[in-house]
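Our numbering puts the first residue of the sequence shown at -11, with every later residue one more than the last. Written below as structure tokens is the structure these notes are about.
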Amino acid sequence: MTRLRDGLTVTILALGLASGAALAQEKAAKTGAGQLSAGSVAGTTTGGGDGQAGRDAAAGGATIEVDPTDITADSLISRHQAAPRDPNKGPVTNLPLPRYVSLKGGEGNARRGPSLSHRIDWVFRHPGMPLRVVAEFGHWRRVEDQDGAGGWVHYSLLSGVRTAIVTTDMAELRSRPDQNGAVIARAEAGAIVRLHECSKDWCRVSGGGEKGWVPKTSLWGVDAGELRD
């Protein structure tokens, strides 16, 4: 017989009662197993058919032996329960959450839920713009932009290529990662740049044919403690 307990399927093996109390007692003496009366078992079982069988057995005075070394259905369930999921990794990709990606094409619809049946709340229209993945469900990723706007986007619209948005107006690109490096170029606020290596405080970026080092504090699309080779 199969019964659902706490959302899990448990197989209950119906035990045949030995004819007469003498046979059960003789077997218990040989195995050294403890005994519980059938009435006690019936008291812990729910459901019409099983409960009635227990009451009938109790009325007959029969006993059921219980071997403490037996593997019960409950013990099998507890042994095979899945390990707790790491909340810092996506349940679909096992990649870190949150993490940064970029918009693959020129347009991406952000929906209220992870399916095409949900309404479109937002449309991203800047190719290569960085987005922050904060959740996963099937083929969908919940993303947000620099301002926290976004929704659920199909994974095919996203790329693993790392980019960043310049947040400081006329940010200086330098020849090396320190304030004494020569200024190679300047980038306006809102410019989308390609992200390369990052040290503790600086990232090397490229855009418009120029490449140089920019302070992390002038970029969105990279975490403060992130290091990249």
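For each residue, glycine too, the CB sits at the ideal point set by N, CA and C. It should be emphasised that the depicted structure is a prediction, and the values quoted were computed from it without experimental measurement.
Nearest neighbour of residue i, chosen from the options [CA to CA]
i: residue 215; options: 200, 184, 206, 148; result: 184
i: residue 128; options: 79, 190, 203; result: 79
i: residue 111; options: 131, 193, 87, 204; result: 131
i: residue 178; options: 193, 187, 156, 192; result: 156
i: residue 95; options: 102, 101, 114; result: 114
i: residue 102; options: 93, 199, 123; result: 123
Rounded C-alpha distance that separates residue i from residue j
i: residue 160; j: residue 144; result: 34 Å
i: residue 164; j: residue 152; result: 19 Å
i: residue 197; j: residue 73; result: 44 Å
i: residue 91; j: residue 116; result: 5 Å
i: residue 84; j: residue 121; result: 9 Å
i: residue 162; j: residue 191; result: 10 Å
i: residue 169; j: residue 186; result: 16 Å
Collapsed DSSP secondary structure at residue i in the structure displayed
i: residue 156; result: coil
i: residue 81; result: coil
i: residue 183; result: strand
i: residue 204; result: helix
i: residue 147; result: strand
Exposure label - residue i; buried when at least 16 CB within 10 Å
i: residue 149; result: exposed
i: residue 180; result: buried
i: residue 154; result: buried
i: residue 171; result: exposed
i: residue 99; result: buried
i: residue 175; result: buried
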